[in-house]
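Numbering of the sequence shown is given in numbering that gives the first Met the number 0, commencing with residue 0 and proceeding in unit increments.
Don't be surprised by glycine CBs; every beta carbon is placed ideally from N, CA and C.
Computed from a predicted model, the values in this text were never measured in an experiment.
Structure first, then comments.
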Amino acid sequence: MIADKIVSLSRLEALLAQDRKSGETIVACSGSFDLLTAKHALLLERFKQEGDRLVVLLNSDRSIRSYKGPRRPIVLEEERAFLLASLGCVDYVCLFDEINPLAVLEKLKPNVYANGGDWGTGFLERDVVRGYGGRIYVAKRQTMTSTSDIVSRVQSLRDTPDVRAVFLDRDGVVIKDKRYLHRVEEVELMPGIISTLRRLQRLGYLLIIATNQSGIGRKLFTRTATDRVNSYLQTLLKKHGIILSDIFVCPHSPDKRCNCRKPAPGLLLMAAKKYGIALARSYLIGDAPRDIAAGKWVNCKTILLTSGPLPKNSLESPHFVIKKLSEVQRIIRE
Ligand SMILES: [Mg+2]
Ligand SMILES: [Zn+2]
């Protein structure tokens, strides 16, 4: 049992006495192991090779607070101990409350005291261990990710928030769907779209249109006509204070089997790459099952604008259904 490896100091003394009787070499190391890393696992594995039994002397929460300040540890002692005990190479985990393990080492007198190379050879425990005739082992320096590397990576995530987007279908969501619309005069905003987009913009979302325009591939109108409609739409929204960051268009007819025509996710992936968007923190609003499928494929939250029947299959089933755009505000709130 994993929990059986976690022992008190007096229990550990008894266990080690038995181990010694059977001629086993005891290796000990110490540390706070606040966020257990692969580097720790590798070092412990290495330490174990110096003997038969590996003891981890683990700084208790109180011990860590006394030398790292009140904001540490990040992970509490029960869980740190459990994680260490889960490693196959670790035989015993023993918590200690003092600021360093010197007193514990005096008591246990492990045959070998092992340390990672990052601390050099002048560490505190050295003389105590040599004093009772123990051996010091210092592992080679490892360049793997350390706990403090992880802490600073997490901090930098906080300093630079995710880029989030709301992907919008064009026809039927931003403007009225007039089947193969390609003339500026046909552009008519959907009711509620201005206030909805304004709100989303205030919340910090990039607003990006992803639209299938197979009329281009079917030669019903030209790419230029679509571009004209799109830039007119961008200008129109700008007059209302709304910045559309981009409009991604699939110009292909379905028989081209491209990877950008929704339900394929190509347009969303292109946008994500260009703007560094965190898709899992983004939304897609569409009025067709294929819009939803594209959004779900890339892990966006999806909103289907419809009054009709709902799709049955899971790829096209939206996370949310709305009948009018003003309902978006009860779904996207932060
Ligand atoms: Mg549509
Ligand atoms: Zn395409």
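TODO: Give the range of the beta strand (DSSP E) segment to which residue 29 is assigned.
DONE: The count along the sequence shown starts at 1 and reaches residue 29 at position 30. 25 to 30 is the span of the beta strand (DSSP E), which, as asked, contains residue 29.
Task: CB contact flag (residue 84, residue 115, <8 Å) - done: Locating residue 84 in the sequence shown gives position 85, where the first residue counts as 1. Locating residue 115 in the sequence shown gives position 116, where the first residue counts as 1. Taking 8 Å as the Cβ cut-off, residue 84 and residue 115 do not qualify as a contacting pair.
Open item on the list: Comparing C-alpha positions only, which one of 46, 280, 264, 322 sits nearest to residue 160?
Closed with: Counted from its first residue, the sequence shown places residue 160 at position 161. The candidate whose alpha carbon is nearest that of residue 160 is 280.
TODO: Whole angstroms is fine: what's the gap from residue 249's alpha carbon to residue 270's?
DONE: In the sequence shown, residue 249 corresponds to position 250, counting from 1. In the sequence shown, residue 270 corresponds to position 271, counting from 1. For residue 249 and residue 270, the distance between alpha carbons rounds to 12 Å.
TODO: Look at the Cβ atom of residue 277, then the Cβ atom of residue 163, and state whether they are nearer than 8 Å.
DONE: Within the sequence shown, numbered from 1, the residue matching residue 277 stands at position 278. Within the sequence shown, numbered from 1, the residue matching residue 163 stands at position 164. Taking 8 Å as the Cβ cut-off, residue 277 and residue 163 qualify as a contacting pair.
TODO: State the Cα-Cα distance for the pair residue 106 and residue 119, rounded to the nearest angstrom.
DONE: Indexing the sequence shown from 1 puts residue 106 at position 107. Indexing the sequence shown from 1 puts residue 119 at position 120. C-alpha separation (whole angstroms): 24 Å.
Open item on the list: Are there any heavy atoms of ligand 2 lying less than 7 Å away from the beta-carbon of residue 260, as far as the coordinates show?
Closed with: Translated into the one-based positions of the sequence shown, residue 260 becomes position 261. Yes; taking the cut-off as 7 Å, the Cβ of residue 260 has a heavy atom of ligand 2 nearer than that.
Task: Environment of residue 131 [buried if 16+ CB atoms lie within 10 Å] - done: For the purposes of this step, residue 131 is taken as the residue at position 132 of the sequence shown. Under this definition residue 131 is an exposed residue.
TODO: Give the secondary structure of residue 91 by DSSP, where H, G and I count as helix, E and B as strand, and everything else as coil.
DONE: The residue you call residue 91 lines up with position 92 of the sequence shown. Strand.
- [ ] State whether the region 183 to 190 contacts the region 138 to 152, with contact taken as three or more CB pairs (one from each stretch) at a distance under 8 Å.
- [x] no
Open item on the list: Going by beta-carbon coordinates alone, are residue 127 and residue 92 separated by less than 8 Å?
Closed with: Here residue 127 is taken as the residue at index 128 of the sequence shown, counted from 1. Here residue 92 is taken as the residue at index 93 of the sequence shown, counted from 1. Cβ atoms of residue 127 and residue 92: not closer than 8 Å.
Open item on the list: Restricting to runs no shorter than 4 residues, where is the alpha helix (DSSP H) found entirely within the region 187 to 211?
Closed with: 192 to 201
Open item on the list: With a threshold of 8 Å, are at least 3 pairs of Cβ atoms found where one atom belongs to the region 257 to 275 and the other to the region 199 to 214?
Closed with: yes
Task: Runs of alpha helix (DSSP H) wholly within the region 260 to 320 (minimum 4 residues, chain order) - done: 265 to 274, 288 to 296
TODO: Can you say whether residue 253 is buried or exposed, counting buried as having 16 or more other CB atoms within 10 angstroms of its CB?
DONE: Along the sequence shown, read from residue 1 onward, the residue named residue 253 stands at position 254. Its Cβ having fewer than 16 others within 10 Å, residue 253 is exposed.
Task: Run of the beta strand (DSSP E) containing residue 331, from where it starts to where it stops - done: Taking the first residue of the sequence shown as position 1, residue 331 is located at position 332. Looking at the DSSP string, residue 331 is not in any beta strand (DSSP E), and its letter there is neither H nor E.
Open item on the list: Ignoring anything shorter than 4 residues, give me the alpha helix (DSSP H) runs that lie fully in the region 217 to 260, in order along the chain.
Closed with: 222 to 238
Task: Best match in 99, 20, 179 for proximity to residue 222 [C-alpha to C-alpha] - done: Residue numbering aside, residue 222 sits at position 223 when the sequence shown is read from its first letter. Closest option to residue 222, Cα to Cα, is 179.
Open item on the list: Can you list, in chain order, the residues of its chain with a C-beta nearer than 8 Å to that of residue 326? Leave out the 5 residues immediately preceding and following it.
Closed with: The residue you call residue 326 lines up with position 327 of the sequence shown. Counting only Cβ-Cβ distances below 8 Å, and skipping sequence neighbours, we find nothing.
Task: residue 172 CB to nearest heavy atom of ligand 1 below 7 Å - done: Indexing the sequence shown from 1 puts residue 172 at position 173. At least one heavy atom of ligand 1 is nearer than 7 Å to the Cβ of residue 172, so yes.
TODO: Enumerate in chain order the residues of its own chain whose CB-to-CB distance from residue 110 is below 8 Å, with the five nearest sequence positions on each side excluded.
DONE: By one-based count along the sequence shown, residue 110 stands at place 111. Excluding positions up to five away in sequence, the list reads 24, 25, 26, 50, 133, 134.
- [ ] State the start and end residues of the unbroken alpha helix (DSSP H) segment that holds residue 166.
- [x] Locating residue 166 in the sequence shown gives position 167, where the first residue counts as 1. From DSSP, residue 166 is part of no alpha helix (DSSP H) but of the beta strand (DSSP E) over 164 to 167.
Open item on the list: Need the endpoints of the alpha helix (DSSP H) that residue 11 sits in, please.
Closed with: For the purposes of this step, residue 11 is identified with residue 12 of the sequence shown, where counting begins at 1. Taken as a continuous stretch (DSSP letters only), the alpha helix (DSSP H) holding residue 11 covers 8 to 20.
Open item on the list: Report the CB separation of residue 344 from residue 244 in whole angstroms; it is logged as a contact under 8 Å.
Closed with: Nothing can be reported for residue 344: it is not among the residues displayed for the chain, which extend from 0 to 333.
Task: Assigned exposure category for residue 288 - 16 Cβ within 10 Å defines buried - done: Indexing the sequence shown from 1 puts residue 288 at position 289. Classification for residue 288: buried.
TODO: Please state if the CB of residue 57 and the CB of residue 88 are separated by a distance shorter than 8 Å.
DONE: Counting from one through the sequence shown, the residue named residue 88 turns up at place 89. Counting from one through the sequence shown, the residue named residue 57 turns up at place 58. The answer is no: Cβ separation not under 8 Å.
Task: Start-to-end residues for the beta strand (DSSP E) that takes in residue 112 - done: Position 113 of the sequence shown, counting from 1, holds the residue named residue 112. Segment 111 to 114, the beta strand (DSSP E) holding residue 112.
TODO: Report the option in 316, 21, 90 whose CA atom is closest to the CA atom of residue 28.
DONE: In the sequence shown, residue 28 corresponds to position 29, counting from 1. Here the closest residue by C-alpha is 90.
Task: Buried/exposed call for residue 204, threshold 16 Cβ in 10 Å - done: What you label residue 204 is simply residue 205 of the sequence shown in a count that begins at 1. Buried is the call here.
Task: C-alpha distance - residue 354 paired with residue 100, whole-angstrom precision - done: Outside the displayed span of the chain (0 to 333) sits residue 354, for which this structure offers no information.
Task: Residue interval of the alpha helix (DSSP H) (run including residue 103) - done: If you number the sequence shown from 1, residue 103 lands on position 104. Per DSSP, residue 103 belongs to the alpha helix (DSSP H) from 101 to 107.
Task: Cβ neighbours of residue 295 in the same chain (closer than 7 Å, five flanking residues each side left out) - done: By 1-based counting over the sequence shown, the position of residue 295 is 296. Excluding positions up to five away in sequence, the list reads 301, 314.
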